[in-house]
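Protein chains in written order, with the working numbering: chain A, 636 to 870; chain G, 618 to 950; chain E, 12 to 311.
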Amino acid sequence: MPLLELRGVAARYGALQALRGVELSVEEGEIVAVLGANGAGKTTTLRAISATVRTSGELVFAGERLPRRPEAVARAGIAHVPEGRGTFAELSVDENLRLGAHVRRDRAGVKADYDRVLQRFPILAERRGQAAGTLSGGEQQQLALARALMQRPRLLLLDEPSLGLAPRLVTEFFGVVGELNEHEGLSVLVVEQNASIALASSNRAYVLEVGRVAVAGTSADLQRHPAVRRSYLGY
Amino acid sequence: MSRALRIGAGVAVAGAAVVLVLVLPHWLSDAKAAEFARAGCFFIAIVGLNLVTGYTGQISLGHGALMAVGAYTTAILTANHGFRDLWTIPLAGLVAMAAGFVVGLPARRLSGLYLALATFAFAVAMPALLKRFSGLTGGSEGINLFDKALNHSTGALGHVHVLGRTLATNDFLFYLTWGIGLVLAGAAWLLVRGRVGRAFRAVRDSEVAAASSGINTGLYKMLAFGISGFYAGVGGSLFVLVSNWFVSPTTFGFDKSLLLIVGAVVGGLGSLAGMALGALFIQFVPDWAADLSSAPGAPSVFFGAAIILVMILLPAGLGGLFRRLAEPLTRRL
Amino acid sequence: MIVAVDWAGVAQQVVSGLSSGGIYAMLAVALVLIYRATGVVNFAQGELAMFSTFVGWTLTQHGFAYWPAFLVTVLASFVGGIALERAVIRPVERASVLTIAIVTIGLFFVVNGAAFWIWSPEVKSMPNAFSTRPIRIAGVAFSISDLGIMGVSLLAVLVLWVFFRFTKLGLAMRAAALNPDSSRLTGIRVSWTIALGWGLATALGAVAGLMAAPPLGSFDQNFMQPILLYAFAGAVLGGIDSALGAVIGSLALGVFLNLLGTYVSWIGTDLRQAAALAVILVVLLVRPAGLLGTAVVRRV
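In structure tokens, the structure reads:
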């Protein structure tokens with residue numbers, strides 16, 4: 636049974652139909668990428684999962700219907716790192732991290748994760764007392780990921796993590812995500828404009844067009860898929 | 618809905634409004650006509666307030682004070698300078714317009730809460746100022762035109778002769794207030810459709826974007842206050858006539874400013890029908906509340922509850938409901 | 012010209028001013044709390060504080076001593092504030108700020124009217140919270156009541172500060188006020204944090220009212236209105252989006268108004284209010300963000 640399953644999911648912004656029946660799934664321990672042009676519905680797909688947009692259709696997580704309120708989705712074990720990273724700019728790095736663990740009740744576990752996160756992202760440890768808004772783009776991206784990890788989610792949703800980052804930082808970021816996936820079994824659903832890094836870093840991928848899945852398959856297959864190569868990989 | 622049909626519908630609604638105003642007094646008792654006339658004054662002030670709040674998106678808690686400026690202009694000119702009260706109405710509007718511009722000066726730089734607080738301070742200060750300059754304003758006693766200038770107070774003696782007909786005073790006042798109200802509302806409607814109105818809406822939707830588009834946001838905010846000042850002044854001036862030709866510093870305390878903004882929002886910003894409903898709301902609901910119970914404080918409770926209920930059930934105001942019901946017919950501002 | 016300054020007198024007036032300022036500060040912090048959580052100024056804040064005070068007064072008329080009545084009232088106000096938010100604000104949570112503001116205006120009318128309806132309009136008097144004896148510190152006689160009120164205000168503000176800074180719930184509330192959308196993604200129930208904010212604000216208002224009533228000697232249903240005005244002035248002076256600013260601004264205002272009233276002979280009560288209004292206007296014209304508020308810088 637897949638960890639996450641979307642069946643016939645539709646969503647709209649007022650009169651605008653953004654998703655028209657999306658079918659996708661994420662197995663436990665996978666990294667799945669969602670590609671597509673602007674306006675294809677990638678971000679909306681993540682919003683549909685985290686219930687920050689109204690949806691119809693079936694959304695199943697760990698065998699149960701996904702709740703339709705964002706707070707409840709977080710409690711169910713899904714961490715959504717939205718466009719713009721969702722960090723609290725006026726709060727300190729430390730406070731941002733503590734907020735990440737809001738849904739958790741195991742104090743000892745939270746403390747252990749806090750230490751681990753600071754170890755993994757030493758720059759955050761350095762800037763612990765600083766306001767999050769004063770961090771650079773790359774650092775904020777790390778903070779966003781760290782915050783999500785503090786939640787100890789089963790599924791991580793990443794919305795265009797490469798946005799605004801220098802290529803080296805993007806590679807680094809995806810490297811960390813890959814590590815987390817390999818060593819800690821973190822399942823990831825990542826939405827990306829940067830198709831090449833996304834395909835290189837994921838097991839499977841979907842290509843969305845106009846609110847529907849147009850192509851699906853393993854990332855390796857998609858990297859060789861002629862239409863995908865032409866439209867999204869540029870060669 | 619085709620354009621011609623919409624225009625036709627708009628004209629029909631305007632026509633219906635005119636007819637309603639012409640005909641209503643026949644069914645109203647004398648006392649009721651006076652009450653409707655008061656509502657008419659509020660209507661004018663609210664139309665002006667709507668330019669600031671609904672269009673330019675600024676909260677003003679000071680329009681009661683602008684009404685006071687108009688009211689006192691009329692009172693002073695009629696009592697001390699021999700003007701006939703009716704002729705002072707446009708003058709009251711102009712003086713209040715000037716006051717509006719002055720209030721609008723800080724509005725250029727302030728927004729949202731800060732502007733609300735500044736206008737709040739202005740409204741609270743006004744009665745005190747009026748009491749202070751008692752040489753001009755008659756101090757706490759106010760100005761009673763009935764005493765001082767009976768022959769310049771149109772209709773004070775009971776009947777008015779106009780256009781060859783004789784009208785009871787309150788009927789006359791009803792026509793005066795709502796007639797002027799319709800004309801001024803029409804003027805506002807035209808203003809809002811044009812360049813100025815678009816600039817206002819741009820300021821409301823995003824000051825930053827408006828500024829980047831080259832719109833002098835400060836100027837338009839000031840303009841909105843000035844124009845709405847004119848409306849408030851006319852409303853205030855008429856209010857004197859309708860209040861037995863009397864005005865005192867407490868006539869337009871902060872509670873009036875509060876009442877006006879309540880009327881504007883409860884009525885529904887951006888809809889002329891809404892503004893009329895809002896004016897009627899603030900005029901009649903407190904009375905109905907007093908009818909329900911005369912225990913001290915009870916009317917206030919009911920009035921407040923009515924406000925809360927309307928806002929919960931109809932966040933877009935009464936006009937919103939009206940608009941929804943009469944969808945194909947009403948022309949939205 | 013050398014003027015002999017009556018330092019003892021000044022000290023007494025400063026302490027007295029700080030005591031009044033402390034009361035304004037609590038109401039100002041209540042205003043800031045709700046403003047930061049919802050973007051709306053709660054017009055009914057003063058009336059709610061008044062209502063709480065009347066509840067407290069009623070308890071003292073039924074056998075409660077001052078402090079037990081105080082405790083019960085503050086707790087009841089906390090619960091009442093939450094209930095009020097759920098009943099009246101939550102339905103319009105998603106509507107425009109203007110709509111919510113009008114609801115608080117409606118609440119103002121309801122609470123004010125209810126207070127007149129439930130309790131008669133005749134003036135009441137509240138038993139003293141603190142001893143009315145003076146106490147000598149460094150040779151200067153200070154009113155224990157003034158010092159007591161200062162202490163209570165400081166304590167209240169301190170407790171809140173600790174709550175917001177060091178507890179999980181406090182952090183969640185701050186986050187919800189700063190960025191409700193991101194907060195929801197973190198699992199914070201933003202709607203309930205707003206309710207909690209109202210509870211705290213109403214409780215704070217109750218403390219302010221219960222502190223303000225005894226020294227007045229006699230009070231009626233309108234007694235909080237001037238205090239609300241001073242609280243606004245204090246909050247504006249300090250910065251309406253900064254709780255610390257609200258406290259400092261209110262304390263400064265309290266001292267300023269007191270000194271003004273004492274040393275400038277033609278300033279009576281009426282003009283104290285005018286002075287507060289003048290402070291509001293001057294601050295708004297010169298530096299709207301106040302002393303500690305975030306200067307509104309709009310980057311295009």
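Quick reminder that beta carbons are idealized off the backbone N, C-alpha and C, glycines included. Source: prediction; values computed, not measured.
Would the region 77-94 of chain E count as touching the region 197-216 of chain E if we require 3 or more Cβ pairs under 8 Å? yes
Could you round the C-beta distance between residue 644 (chain A) and residue 690 (chain A) to whole angstroms and report it? I think they count as a contact, below 8 Å. 6 Å
Skipping 5 residues on each side, what residues in its chain have a beta carbon closer than 8 Å to that of residue 800 (chain A)? 772, 773, 776 and 808
Whether residue 877 (chain G) touches residue 660 (chain G) by CB criterion (8 Å): no
Which term fits residue 837 (chain G), buried or exposed, when burial requires 16 or more other beta carbons within 10 angstroms of its beta carbon? buried
Assigned exposure category for residue 697 (chain G) - 16 Cβ within 10 Å defines buried: exposed
Using 8 Å for Cβ pairs, my map puts residue 936 (chain G) next to residue 884 (chain G). What's the rounded Cβ distance? 6 Å
Length of the line joining the Cα atoms of residue 633 (chain A) and residue 768 (chain A): Since the first residue of chain A shown is 636 and the last is 870, residue 633 (chain A) is not available in this structure.
Measuring CB to CB, does residue 251 (chain E) end up less than 8 Å from residue 216 (chain E)? no
Residues bridged to residue 145 (chain E) (per DSSP): E:154
Any idea if residue 671 (chain A) is buried or exposed, counting beta-carbon neighbours within 10 angstroms, 16 or more meaning buried? buried
For the structure I just gave you, are there three or more beta carbon pairs, one from the region 673-686 of chain G and one from the region 748-767 of chain G, closer than 8 Å? no
Closer than 8 Å to chain E by CB, residue 928 (chain G): yes
Using beta-carbon positions only, say whether residue 848 (chain A) and residue 658 (chain A) come within less than 8 Å of one another. yes
Selection from A:833, A:736, A:648 and A:684 that minimises the alpha carbon distance to residue 701 (chain A): A:684
Go ahead and label residue 1020 (chain G) buried or exposed: buried means 16 or more other beta carbons lie within 10 angstroms of its beta carbon, across all protein chains shown. Nothing about residue 1020 (chain G) can be reported from this structure: the residues present for chain G run from 618 to 950 only.
Verify whether the separation of the beta carbon atoms of residue 734 (chain A) and residue 44 (chain E) is less than 8 Å. no
With distances taken from CA atoms, which of A:642, A:649 and A:783 is nearest residue 694 (chain A)? A:642
In the DSSP output, which residue or residues are listed as bridge partners for residue 766 (chain A)? A:727
Would you mind listing the alpha helix (DSSP H) stretches within the region 745-798 of chain A that are 4+ residues and don't spill past its ends, in chain order? 757-761 and 772-785
Could you give the DSSP three-state label for residue 897 (chain G): helix, strand or coil? helix
Since residue 849 (chain G) and residue 665 (chain G) should fall inside the 8 Å C-beta cutoff, what is the C-beta to C-beta distance between them, to a whole number of angstroms? 5 Å
Does any residue of chain A have a CB that is nearer than 8 Å to the CB of residue 301 (chain E)? no
Can you check whether the C-beta of residue 921 (chain G) is within less than 8 Å of a C-beta belonging to chain D? The displayed structure is made up of protein chains A, G and E, and chain D is not among them.
Nearest-angstrom Cβ-Cβ length linking residue 638 (chain A) and residue 697 (chain A), presumed shorter than 8 Å: 6 Å
Chain E within 8 Å of residue 723 (chain A), Cβ atoms only: yes
Could you name the residues that DSSP lists as bridge partners for residue 851 (chain A)? A:841
In whole angstroms, give me the CA-to-CA distance for residue 82 (chain E) and residue 138 (chain E). 15 Å
Nearest to residue 49 (chain E) by alpha carbon, out of E:240, E:259, E:191 and E:234? E:191
With DSSP run on the structure shown, which of helix, strand or coil describes residue 659 (chain A)? strand
Kindly identify the DSSP beta-bridge partner or partners of residue 752 (chain G). Answer by DSSP bridge pairing: none, since residue 752 (chain G) is not bridged.
For residue 653 (chain G), I'd like the list of residues in its chain whose CB is within less than 6 Å of its CB, leaving aside the five on either flank, ordered along the chain. 791
CB of residue 681 (chain A) within 8 Å of CB of residue 794 (chain A), strictly: yes
Any C-beta of chain G under 8 Å from that of residue 94 (chain E): no
Give the residues of chain A in contact with residue 198 (chain E), contact being defined as C-beta atoms less than 7 Å apart. 706, 709, 710, 737 and 738
Taking the alpha-carbon of residue 863 (chain G) as reference, which of G:761, G:785, G:794 and G:726 has the nearest alpha-carbon? G:761
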